[in-house]
Each structure stands twice: as structure tokens, then as C-alpha cells.
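Here is the structure we will look at.
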Amino acid sequence: LADTSAAQWCADNQLTGLRLSKLTPPIGDSDFSCIELGVTYQGRLSVRPTPNPLFVNVDALVSDANGQAILNLTTVLRK
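For the sequence shown, the positions run 43 to 121 when this note's numbering is used.
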């Protein structure tokens with residue numbers, strides 16, 4: 043449970059940072075990492091277009107040090 047909660051904080055922080063920046067990330071994938079509760083997590087942001095050109099779909103996938111996926115959070119951001 044601790045890994046899942048920490049991974050969620052990691053993903054939430056990435057998505058919140060995007061919302062607060064008010065900058066639309068480019069379509070594509072980018073990697074990130076974060077440390078929560080002393081554990082380093084690896085992540086990938088995947089930005090994809092939506093049927094509505096005013097929005098993009100953003101997935102934040104967080105994995106453990108072995109590359110095992112722990113959590114995926116999705117949000118929609120306005121361009």
C-alpha cells in the first residue's frame with residue numbers, strides 16, 4: 043500500500059505541476075523521476091490529442107526501480 047500511495051503522490055505532483063504551469067505539454071512521451079518516502083520512482087508522461095482540439099489527454103505512469111508499473115493516472119488538460 044505504501045508503494046501505491048507514494049506512486050500516486052509522484053503522479054499527482056507531475057500532473058498538478060502541468061496544470062499550474064498553464065503550459066500545454068507537447069504531444070509525445072517524456073520521462074520523469076521523483077523521490078517519495080525515500081524511494082525513487084520512475085515515470086513517463088504520455089500526451090495524446092483528444093477528439094476535441096482544445097484538449098490533450100495526459101497519462102502519468104509510475105514504475106518501481108525494476109520497471110514494474112505501479113500506477114497510472116490520467117487527466118485532460120486544456121490547450
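Virtual Cβ for every residue (Gly too), placed ideally from N, Cα, C.
Given a length threshold of 3 residues, each whole run of the beta strand (DSSP E) inside the region 44-96 is given here in chain order: 70-78, 81-91. Asn108 carries a coil assignment under DSSP once its states are collapsed to helix, strand and coil. Residues of the same chain with a CB within less than 8 Å of the CB of Gly85, apart from the 5 flanking positions on each side, are Cys52, Ala53, Gln56, Asp73, Phe74, Ser75, Cys76, Ala102, Leu103, Val104, Ser105 in chain order. Nearest neighbour of Phe97 by Cα position, chosen from Gln50, Pro68, Ser47, Gly59, turns out to be Pro68. The closest CA to that of Gly70, considering only Thr117, Ala111, Lys121, Leu87, is found on Leu87.
In terms of Cβ geometry, Lys64 and Pro95 do not form a close pair [threshold 9 Å]. The alpha-carbon separation between Gln50 and Thr92 amounts to approximately 24 Å.
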